[in-house]
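These notes concern the structure reproduced below.
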Ligand SMILES: [Zn+2]
Ligand SMILES: [Zn+2]
Ligand SMILES: [Zn+2]
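Numbering (my numbering), first residue to last: 5 to 233.
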């Protein structure tokens with residue numbers, strides 16, 4: 005149902021430093037922020053739009069991360085973040101990151117279903133519900149579901165951002181230390197891409213191509229510091 009709201013943002017936002025005439029002070033700002041798009045103020049609208057854009061990237065990433073972490077976990081002692089689901093005899097281990105992606109996806113799928121029903125839209129199942137929802141955001145903001153939708157998207161994106169993406173992690177770097185095997189300056193250090201993954205140090209000289217374990221790398225660092233290497 006469309007509700008044209010010309011009053012304050014339905015999320016109860018206030019303007020910092022601006023006060024109602026009845027304000028008695030000791031307050032960071034209590035004057036309600038007016039709506040800008042539908043029932044949302046500009047700031048809430050922008051945050052939800054940014055949140056949906058982030059989710060188009062973060063959800064598939066959490067699925068990849070979750071699979072990798074689960075593979076790591078099944079080879080190592082359980083880290084308390086993995087869960088068995090389905091038939092335990094199949095040994096399907098799922099990581100919290102994967103489950104979170106699953107929950108977010110199903111939240112968003114529900115909204116897609118809702119918008120399709122109310123706007124009388126039909127179509128095929130979709131891969132990326134966040135991407136699908138983006139162009140419908142002005143319409144959603146104008147309905148009485150704006151507050152709930154904004155709250156859920158912002159919560160989902162907050163949870164998704166608890167896990168690092170590859171871009172948050174430092175990139176691989178060339179090391180100014182000779183390879184202990186071939187003596188070429190060709191070592192590359194790649195930091196862990198997810199928790200539990202070891203760092204990787206490899207020689208990029210094709211004839212050597214030695215890959216060092218973390219213990220060996222610690223030795224190389226020590227020698228380099230001592231000026232021996
Ligand atoms: Zn105030
Ligand atoms: Zn607001
Ligand atoms: Zn080498």
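For every residue, glycine included, the Cβ atom is placed at its ideal position computed from N, Cα and C.
Computed from a predicted model, the values in this text were never measured in an experiment.
- Around the beta-carbon of residue 147, 16 or more other beta-carbon atoms lie within 10 Å, marking it buried.
- If you look at residue 204, you'll find it in the beta strand (DSSP E) that goes 204-207.
- Here the alpha carbons of residue 103 and residue 207 stand approximately 37 Å from one another.
- Secondary structure note for residue 194: its beta strand (DSSP E) is the uninterrupted segment 191-194.
- In the DSSP annotation of this structure, the continuous segment of the alpha helix (DSSP H) that includes residue 107 starts and ends at 100-123.
- The region 211-223 makes contact with the region 172-189; the number of CB pairs closer than 8 Å reaches 3 or more.
- An exposed status is given to residue 192, since fewer than 16 other beta-carbon atoms sit within 10 Å of its beta-carbon.
- By the criterion of at least three beta-carbon pairs nearer than 8 Å, the region 103-121 is in contact with the region 63-73.
- In this structure, the beta-carbon distance from residue 48 to residue 15 falls below 9 Å.
- With a threshold of 16 other beta carbon atoms within 10 Å, residue 139 falls short and is exposed.
- For residue 18, the CB contacts under 7 Å within the same chain, skipping 5 residues up- and downstream, are 33, 34, 35, 36 and 37 in chain order.
- With fewer than 16 other Cβ atoms inside 10 Å of its own Cβ, residue 27 counts as exposed.
- The distance from the Cβ of residue 181 to that of residue 228 is about 5 Å, consistent with a contact at the 8 Å cut-off.
- Here residue 135 is near residue 56, since their CB atoms are less than 9 Å apart.
- At a cut-off of 8 Å, the beta-carbon of residue 179 does not count as near ligand 3: no heavy atom of the ligand is closer than that.
- In the structure shown, residue 130 falls within a coil segment according to DSSP collapsed to helix, strand and coil.
- Under the three-state reduction of DSSP, residue 181 is assigned to coil, being neither helix nor strand.
- When rounded, the separation of the alpha-carbon atoms in residue 205 and residue 190 is 10 Å.
- Between the beta-carbon of residue 137 and that of residue 158 there is about 14 Å, and that puts the pair past the 8 Å contact cut.
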